[in-house]
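To start, the structure itself, in structure tokens.
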Amino acid sequence: MNWKTLVFVAVAGAQLAPLADFPQSAELALLMGDLQRLTHKLALSAEAGNVDLAAFYLHESQEQLRKIQTEAPEYENIPVALLIDRLAHPAYEQMQQAVTAKNAKQLREAIQPIVTTCNACHTATQHGFIRITAGPEVNPFNQSFAP
Ligand code: HEC
122 MNWKTLVFVA VAGAQLAPLA DFPQSAELAL LMGDLQRLTH KLALSAEAGN
172 VDLAAFYLHE SQEQLRKIQT EAPEYENIPV ALLIDRLAHP AYEQMQQAVT
222 AKNAKQLREA IQPIVTTCNA CHTATQHGFI RITAGPEVNP FNQSFAP
């Protein structure tokens, strides 16, 4: 047996766990963790009245929601993609308007409907114990949110 055959046999015999066996819930939790970070930074930017930064995190949040819809459209028979369409996406409209109008006061108020929606969906999916807050009082990041 030459080395090429050896490598072939080693690789062919390797028992890689099929990807489908990974629980989808773990993946959804990770995707949600990213969404949480983006939401927190959106809240900090909005609170600081930083329109450009809020616009950035608004866009990133919406991208993340679309990513969740694509990568975890269903979770334990819960239609995640559908719920995001009906509940989550519309909740960002007020923030979109505030960013377009460059209105700092509106920017601060627009975070609440978003956070309310996070919690509404957690309740609807039997995860009401995960309670999200806007949390703009403390900045835990090594980042300035000032305009
Ligand atoms: C489709 C409904 C839905 C929406 C909308 C939603 N979530 Fe979730 N979220 C879930 C579900 C279901 C889980 C549990 C996932 C699991 O069990 O793996 C979860 C889990 C989480 C977790 C726990 C994972 C962790 O890293 O601690 C956080 C945090 C979270 N969501 C944040 C948010 C935030 C912030 C928003 C709003 C911007 C949001 N979620 C919107 C359904 C939703």
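When the sequence shown is numbered by the working numbering, its final residue is 268 and no position is left out of the sequence of numbers.
Glycine included, C-beta positions come from ideal geometry on N, C-alpha and C.
All values derive from a computational prediction rather than experimental measurement.
Proximity below 7 Å, CB of residue i to CB of residue j
| i | j | result |
| --- | --- | --- |
| Tyr178 | Leu208 | no |
| Glu168 | Arg229 | yes |
| Gln185 | Leu151 | no |
| Val220 | Ala193 | no |
| Leu204 | Cys239 | no |
Assigned secondary structure, residue i (DSSP; H/G/I helix, E/B strand, else coil)
| i | result |
| --- | --- |
| Ile251 | coil |
Selected residue, minimal CA-CA separation from residue i, among the options
| i | options | result |
| --- | --- | --- |
| Lys226 | Asp155, Glu148, Ala164 and Gly154 | Ala164 |
| Thr254 | Gln183, Glu148 and Lys162 | Lys162 |
| Pro257 | Phe266, Phe250, Cys239 and Ala219 | Phe266 |
| Met216 | Thr244, Leu203 and Val236 | Val236 |
| Pro268 | Pro211, Lys223, Glu148 and Ile205 | Lys223 |
| Gln190 | Leu149, His248, Ala245 and Ala176 | Leu149 |
Any chain B beta carbon closer than 7 Å to residue i
| i | result |
| --- | --- |
| Lys223 | Looking for chain B here will not work: only one protein chain is present. |
Check whether the region 168-175 and the region 191-210 are in contact - that is, three or more C-beta pairs closer than 8 Å. no
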